[in-house]
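Heads up, the working numbering is the position in the sequence shown plus 1015, with the first residue counted as 1.
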Amino acid sequence: MTGWLDWVRGKRPARGGAKTAQTIATFSERDTRVRQSSFSLPEDNAAWEWGAGRFISLANDTPFYMLPVYRYLRDAFPDISDAVWTWKRLCQTGYDIEILRASSDYAKARAERLLRELDTRVNSGDRGMDGLLDVFYTSLFTYGAAALEIVLSQSRETIHDVVPIDVWTVRFRREGGVLQPYQIHNGEEIRLPRDRFIYVGLDRDGTNPYGRSMLQSIPFIAKIQHRLIEDMAKATHNAGWSKLHVRYTPEEKQRGESVEAYESRVRGNFDQLRGKLNGLETDQNLVTYDNVSVSLLRGDQHAQIFYENHKAVEEQIITGMHLMPILLGRNYGTTETYGTAQFEIINRQVESVNRSVKRILERLYNFELALMWGEAEARVNMRVNRTVDVLREAQARAREIENAVQLRDEGFVNHDTAAKLLGIG
């Protein structure tokens, strides 16, 4: 942790990444025993040093030790933590499972039961599918990538578990024209099974398989914000509160008084005055001779400058996290339209991310159904966030349905095409 803190404060860690004396295990001993058939392993600090010249590197040759730095920024900076938290909650809209092309009613009922049991079994039983998606979204919006592994039962007749993989331990290498994933653990390369390994990269660049974290554009701004807050705390202590400025004018030298005696008398009077001021209570007044003047110093004019500076840095972090100000409690517009437009733009981004989640869930569910006797197929329908104006949304949906029905009745489209126009086909 010290190495990351040094980096935030402007000290670049040595090549090979920061090291810590503590390894954080992500699974208990019981979980490790039931995961004997899995390939992936918990977090290991040695993975931070691996990558140069042996695997495909991150985009822009970003060192792998930056991935734990992103985690530190997420946990230590309130604006970044709030942004990741907001993205997670916006994307957790829920979903519905639809069983299609079942070979019989019994096969459909069996498929529904198997998927319900799978939902409670994954993530080592820790909140099931809800907990797994929570870990998935946290990783996706922190590191720009998330990874899962499908663990089969010993009989290989069902999915025993679906476990998250620490993405900063994942590396890729091109072998035979395909990307082969590996995991680094205790300085060793663990070859991961491609057919049971799921990796989602957010905002990938070209052929680079790794995702791109939103926090990649944040560290420089975060360092500025960290320094600004430290300076503001120090300056506010001095400038933010009223202070007394006491000026002491020494008395004239008395006739026959030596220089040493004069200096000693002046110094004594000054020390006596300072002592009385240091012990002055809030409700007490100061009584002095004419050679002591007291004035009031105020620093109110500096407070607004700090607020404006911090606000400018704060807005850069919000923009870097691809969020709108209103979702973090800042709305600079005076109309409802301003906030509504921001929220609808965010929902478009949420829908694009959840399309990837939809494909992952369908892959998991159909993998499980492929192992059962009988035939059935699962389709996942991701729910969407409701708009600000629910009545207006309902009216627009009703008009959309009327138009699709009219097109069908007039013979322009068939029933299936009309259903697809409504997003239900």
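Backbone N, C-alpha and C define an ideal beta-carbon position, used for all residues, glycine too.
Residue i lies in the beta strand (DSSP E); which residues open and close that run?
i: D1220; result: Here D1220 belongs to no beta strand (DSSP E), and DSSP marks it neither H nor E.
i: P1093; result: Looking at the DSSP string, P1093 is not in any beta strand (DSSP E); the run it does join, the alpha helix (DSSP H), is 1093-1106.
i: Y1214; result: 1212-1216
i: H1260; result: 1258-1263
i: L1163; result: 1160-1167
i: H1175; result: 1174-1180
i: L1230; result: Counting along the chain, L1230 falls outside any beta strand (DSSP E), and DSSP gives it neither H nor E.
i: L1194; result: 1193-1200
i: E1266; result: Run containing E1266: none; DSSP gives neither H nor E here.
i: F1187; result: 1185-1190
i: E1296; result: Per DSSP, E1296 belongs to no beta strand (DSSP E) and is neither H nor E.
i: D1209; result: The sequence as given places Arg at residue 1209; Asp does not occur at that position. Here R1209 belongs to no beta strand (DSSP E), and DSSP marks it neither H nor E.
Do residue j and residue i count as a contact pair if the criterion is CB distance below 9 Å?
i: R1209; j: I1199; result: no
i: E1266; j: N1284; result: yes
i: L1073; j: Q1107; result: no
i: S1228; j: G1146; result: no
i: L1376; j: Y1214; result: no
i: A1117; j: E1392; result: yes
i: L1259; j: V1309; result: yes
i: I1174; j: L1115; result: no
i: I1071; j: L1194; result: yes
i: Y1197; j: R1206; result: yes
i: T1101; j: L1292; result: no
i: V1178; j: M1336; result: no
i: T1135; j: Y1085; result: no
Given this structure, state the Cα-to-Cα distance separating residue i from residue j, to the nearest angstrom.
i: A1276; j: Q1299; result: 33 Å
i: L1422; j: T1432; result: 10 Å
i: G1438; j: E1408; result: 15 Å
i: R1370; j: E1203; result: 34 Å
i: S1154; j: S1096; result: 13 Å
i: I1233; j: R1131; result: 40 Å
i: T1047; j: V1405; result: At T1047 the pLDDT is 40, less than 50, meaning the model places this residue with poor confidence; the figure from the coordinates comes in the next sentence. Going by the C-alpha atoms only, they are around 47 Å apart.
i: A1152; j: V1261; result: The sequence shown places Tyr at residue 1152, rather than the Ala named in the question. Between Y1152 and V1261, the C-alpha separation is close to 59 Å.
i: G1290; j: N1306; result: 17 Å
i: R1069; j: I1332; result: 34 Å
i: R1211; j: R1374; result: 14 Å
i: I1361; j: V1150; result: 21 Å
i: E1365; j: L1105; result: The sequence as given places Val at residue 1365; Glu does not occur at that position. Taking the straight line joining both Cα atoms gives about 7 Å.
i: A1122; j: L1163; result: 28 Å
i: R1242; j: E1329; result: 13 Å
i: M1387; j: R1378; result: 15 Å
i: V1274; j: Y1304; result: 23 Å
i: A1356; j: G1191; result: 47 Å
i: N1381; j: E1245; result: 53 Å
i: P1083; j: R1363; result: 29 Å
i: K1268; j: D1286; result: 18 Å
i: K1103; j: T1297; result: 50 Å
i: A1413; j: L1436; result: 13 Å
i: Y1080; j: V1368; result: 26 Å
i: F1358; j: E1390; result: 41 Å
i: R1280; j: R1270; result: 14 Å
i: E1415; j: R1401; result: 17 Å
Looking at the unbroken alpha helix (DSSP H) that takes in residue i, where does it start and where does it end?
i: R1407; result: 1405-1424
i: R1128; result: 1120-1136
i: F1285; result: 1274-1293
i: Q1117; result: First, the residue type needs correcting, since residue 1117 is Ala and not Gln in the sequence shown. Where A1117 is concerned, there is no enclosing alpha helix (DSSP H), given that its DSSP letter is neither H nor E.
i: A1393; result: First-last for A1393: 1392-1397, but that is the beta strand (DSSP E), not the alpha helix (DSSP H).
i: D1431; result: 1430-1436
Given a threshold of 16 other Cβ atoms within 10 Å of its Cβ, counted over all protein chains shown, does residue i qualify as buried or as exposed?
i: S1043; result: Confidence is the limiting factor: at S1043 the pLDDT is only 36, short of 50, which leaves the residue's position unreliable, though a coordinate-based value still follows. Looking at its Cβ environment, which holds fewer than 16 other Cβ atoms inside 10 Å, S1043 is exposed.
i: T1264; result: exposed
i: D1176; result: buried
i: I1165; result: buried
i: G1294; result: exposed
i: G1226; result: buried
i: V1372; result: buried
i: R1050; result: Low per-residue confidence applies at R1050: pLDDT is 43, beneath 50, and the placement is therefore not dependable, though the value from the model is reported in the following sentence. Buried.
i: V1302; result: exposed
i: L1088; result: buried
i: L1311; result: exposed
i: V1420; result: exposed
i: R1411; result: It should be pointed out that residue 1411 corresponds to Ala in this sequence rather than to Arg. Under this definition A1411 is an exposed residue.
i: A1161; result: buried
**Message:** So, does the region 1134-1141 touch the region 1422-1439, judging by three or more C-beta pairs under 8 Å?
**Reply:** no
**Prompt:** Are at least three pairs of beta-carbons, each pair with one atom in the region 1155-1171 and one in the region 1114-1133, less than 8 Å apart?
**Reply:** no
**Asked** Three or more beta-carbon pairs under 8 Å between the region 1087-1099 and the region 1203-1221, yes or no?
**Response** no
**Message:** Count Cβ pairs between the region 1387-1401 and the region 1178-1198 that sit closer than 8 Å; are there 3 or more?
**Reply:** no
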